[in-house]
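Student: Numbering-wise (UniProt numbering), the sequence shown opens with residue 1 and increments by one.
Quick one: the structure is below, questions incoming.
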Amino acid sequence: MLLTQNNFLQRFLSGLFFTPVVIFAIFWSPWTYFFLFFYVMGLSMLEFYKLIKQAHVAPMRIYGIGLGLLCYTITFTYYLQHDFSSIIGYCAMPLIALIYIAALYSRKPTNPFLDIAATFLGIVYIALPCSILHGLAFFNGSYSYQLILGLLLIVWSQDVGAYLVGSTIGKIKLFERISPQKTWEGVGGGALFAIVVSYMVAYFLTIIPLWQWLSIAVITIFTGSYGDLVASLLKRSVDAKNSSEMIPGHGGILDKIDSLLLTIPAVVTFLKISKLCG
């Protein structure tokens, strides 16, 4: 697939607007970071539940999004205050039962098993990784933008590299049944960009050493690629190209974070294990 000038211009202009906003929010304070991903996660879950409805499943999206945002908020509060004994967390646990109870009062029940499962899938697929992200924000006890910014730069660079190389010279299909436009050349381009950017990130963001940034890049190459494919699988099952058309040239919010959803848990686990062994 050749790189079209119009599509590239749309992606470039959208990136030119949104990237500084994201970087500023992460850099400025823990609260701007919190509200940025609160907004991103809420919209992503809404897009996800709208996609699922096209598969003739009726997830309880209000409860799903509400519980997801609650999980995200409680986790943030824990890291911010270093107090997991907060009564808010314990009071929130019984609220999970509301999803089962809400299914009893659904006006248009399709299949209760699928409806409830789809509701929880949105929480596990999107809200859980976003909540785990706080582990990077407060990696050393207090808030720091470095790990989140570094991870985003590596993920973005992989995405840009895969798009530019794959769209320009890509021929060998990666997973044609799931995503016909993705190629092995694109994967290689994304990997190269991620490795190069991880070197640059390590120079400016010194919260962790170079070898850990390089390891994060390697993790991202695999989890980012699979995260993109998983999202493509879900969208293809309902004949949707994008999760929405909110961002010109990119699709929806979920389309922009699908690579992160599998990457965040893997990176946090790697860094926690490295810290324990170090």
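A virtual CB, placed ideally from N, CA and C, is assigned to each residue, including glycine.
So, helix, strand or coil for Phe175, using DSSP?
Tutor: Correct three-state label for Phe175: strand.
Student: Report all residues from its chain with a CB closer than 8 angstroms to the CB of Lys173; omit the five preceding and five following residues, and keep chain order.
Tutor: Once the five neighbours on either side are set aside, the close Cβ partners of Lys173 are Pro180, Lys182, Thr183 and Trp184.
Student: For Pro180, which three-state DSSP category applies?
Tutor: Correct three-state label for Pro180: strand.
Student: Could you say which of Leu254, Leu43 and Leu104 lies nearest to Leu229 if we only look at CA atoms?
Tutor: Nearest C-alpha to Leu229: Leu254.
Student: Would you call Val21 buried or exposed, if buried means 16 or more other Cβ atoms sit within 10 Å of its Cβ?
Tutor: Result: exposed.
Student: Please go through the stretch 146-224 and give each complete alpha helix (DSSP H) segment of 4 or more residues, from N-terminal end onward.
Tutor: Complete alpha helix (DSSP H) runs here, min 4: 146-169 and 184-204.
Student: Using only CA atoms, which one of Gly189, Ser232, Lys275 and Ile273 lies nearest to Ser259?
Tutor: Nearest C-alpha to Ser259: Ser232.
Student: Using three-state DSSP, classify His82 as helix, strand or coil.
Tutor: Here His82 sits in coil by DSSP.
Student: By the three-class DSSP mapping on this structure, what secondary structure does Val40 have?
Tutor: Correct three-state label for Val40: helix.
Student: Taking DSSP as the reference, what is the three-state secondary structure of Asp228?
Tutor: DSSP places Asp228 in helix when its eight states are reduced to three.
Student: If you run the structure through DSSP and keep just helix, strand and coil, what is Ala55?
Tutor: Here Ala55 sits in coil by DSSP.
Student: Let me confirm a value: Ser29 is counted as buried when at least 16 other C-beta atoms fall within 10 Å, else exposed. Which label applies?
Tutor: It counts as exposed.
Student: Is the beta carbon of Val40 less than 8 angstroms from the beta carbon of Ile257?
Tutor: Yes, the pair counts as a contact, with Cβ atoms nearer than the cut-off.
Student: Can you find at least 3 beta carbon pairs, one from the stretch 73-82 and one from the stretch 94-104, that sit closer than 8 angstroms?
Tutor: The stretch 73-82 is not in contact with the stretch 94-104.
Student: Could you tell me if Phe34 is buried or exposed, where buried requires 16 or more neighbouring beta carbons within 10 angstroms of its beta carbon?
Tutor: The residue in question, Phe34, is buried, as its Cβ has 16 or more Cβ neighbours within 10 Å.
Student: Does the contact criterion of 3 or more C-beta pairs under 8 angstroms hold for the stretch 122-130 versus the stretch 138-156?
Tutor: Cβ pair count under 8 angstroms is below three, so no.
Student: What is the DSSP secondary structure of Met1, counted as helix, strand or coil?
Tutor: Reliability fails at Met1, whose pLDDT of 44 lies under 50, so the model's placement of it is uncertain and no value is given.
Student: Rounded to the nearest angstrom, how far is the Cβ of Ser198 from that of Trp213, given a contact under 8 angstroms?
Tutor: Their Cβ separation, rounded to whole angstroms, is 5 angstroms, which keeps Ser198 and Trp213 in contact under 8 angstroms.
Student: Between which residues of its own chain and Ile26 is the CB-CB distance below 6 angstroms, once the five residues before and five after are set aside?
Tutor: For Ile26, where only same-chain residues beyond five positions count, the Cβ hits under 6 angstroms are Tyr33, Tyr145, Ile148 and Leu149.
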